[in-house]
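Chains as they are written, first to last, in my numbering: chain V, 4 to 136; chain P, 4 to 136.
A virtual CB, placed ideally from N, CA and C, is assigned to each residue, including glycine.
In this text, all values refer to a predicted model and were calculated from it rather than measured experimentally.
First up is the structure itself, then whatever we jot down about it.
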DNA sequence: ATCATATACGACTATCTTAGTCCGAATTAA
DNA sequence: TTAATTCGGACTAAGATAGTCGTATATGAT
């Protein structure tokens, strides 16, 4: 239904929170409490953002997260690809060639669908965390 | 994951088929066979398109469907709204006011999310069946 | 009239994805 | 040593999507 996943929503709220926080380091607990997001779930999200080098993590007591990339460099496409694993408006698109689809041998809408995919992707490329601050 | 539903995909294929068909009237059977789409499922889709006055139906033997609107007037947003019931990138958006969201009492991303929603909606407004023919 | 071929429509089921939980680590400052 | 934190995988729950089934209704052809 063309909907942002909760993971991405949570990530946006968390990133905004981190960006605007007066503290250098912010814990997953703090964010999950603030927004009533299940702690374990948010923790996983932040861990993925760390792997993607969007966040930097500090382990142990007094640990937490802080930005590794600057807000204007964190694109919405990156969040979607990292957290949802993919960015494609149809199952048959995997970011590769236009001819990969073998789901419908007589599918006639490959070309326009690919065009829309590319346009959408460009659109989300232009959206960064800066737009959320 | 920001994906078009199968319903919308099927609708696009079906509409394109109807538009480019040399026959005045096309049956659901013909289309479902052509693309290996489950017949009952496609039938429901076409019925919804009929209610939306995108298609016109003819009952009984030799019945079927034909376009009621011209291809350039059938927008992708219409298909999504009709078939998926809604068009919103987040649960808290229902096309109404920006302040309807009560999911997160401290949600801080309402405004930017609403902006993106509107931009996306405009984008899909510009896409019509003409783009698929 | 009857029959075969269509659409119309609601209820149901199956499948897949997403969201959320649980458990046990490893790390580190106090 | 302890408490607070990140890390990682496996699991379960919930919800949305996809697909099925049964029946009714309309209508042209025989």
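At a Cβ threshold of 8 Å, is residue i touching chain V?
| i | result |
| --- | --- |
| residue 81 of chain P | no |
| residue 112 of chain P | yes |
| residue 85 of chain P | no |
| residue 76 of chain P | no |
| residue 153 of chain P | Within the shown structure, residues of chain P are numbered from 4 to 136, placing residue 153 of chain P beyond reach of any answer. |
| residue 7 of chain P | yes |
What would DSSP say about residue i, mapped onto helix, strand or coil?
| i | result |
| --- | --- |
| residue 113 of chain V | helix |
| residue 77 of chain V | coil |
| residue 28 of chain V | coil |
| residue 60 of chain V | strand |
| residue 3 of chain V | In the structure as shown, chain V starts at 4 and stops at 136, and residue 3 of chain V therefore has no counterpart that could be examined. |
| residue 5 of chain P | coil |
| residue 131 of chain V | strand |
State the Cα-Cα distance for the pair residue i and residue j, rounded to the nearest angstrom.
| i | j | result |
| --- | --- | --- |
| residue 14 of chain P | residue 51 of chain P | 10 Å |
| residue 40 of chain P | residue 95 of chain V | 15 Å |
| residue 8 of chain P | residue 46 of chain V | 30 Å |
| residue 119 of chain P | residue 25 of chain V | 27 Å |
| residue 12 of chain P | residue 83 of chain P | 10 Å |
Within a Cβ cutoff of 8 Å, which residues of the same chain sit near residue i, ignoring the five residues on either side of it in sequence?
| i | result |
| --- | --- |
| residue 27 of chain P | 69 |
| residue 30 of chain P | 66, 67 and 68 |
Between residue i and the rest of its own chain, which residues show a CB-CB distance below 6 Å, the 5 nearest in sequence each way excluded?
| i | result |
| --- | --- |
| residue 135 of chain V | 15 and 19 |
Quick one: is residue i near chain P, going by C-beta distance under 8 Å?
| i | result |
| --- | --- |
| residue 58 of chain V | no |
| residue 12 of chain V | yes |
So, for residue i: in the same chain, excluding its five sequence neighbours on each side, which residues have a beta-carbon less than 7 Å away from its beta-carbon?
| i | result |
| --- | --- |
| residue 93 of chain V | 116 |
Pairing CB atoms from the stretch 5 to 21 of chain V with CB atoms from the stretch 58 to 70 of chain V, are three or more of them under 8 Å?
Counting C-beta pairs closer than 8 Å gives three or more between the stretch 5 to 21 of chain V and the stretch 58 to 70 of chain V, which meets the contact rule.
Quick test of the definition: if touching needs 3 or more C-beta pairs under 8 Å, does the stretch 73 to 84 of chain V touch the stretch 121 to 136 of chain V?
Counting C-beta pairs closer than 8 Å gives three or more between the stretch 73 to 84 of chain V and the stretch 121 to 136 of chain V, which meets the contact rule.
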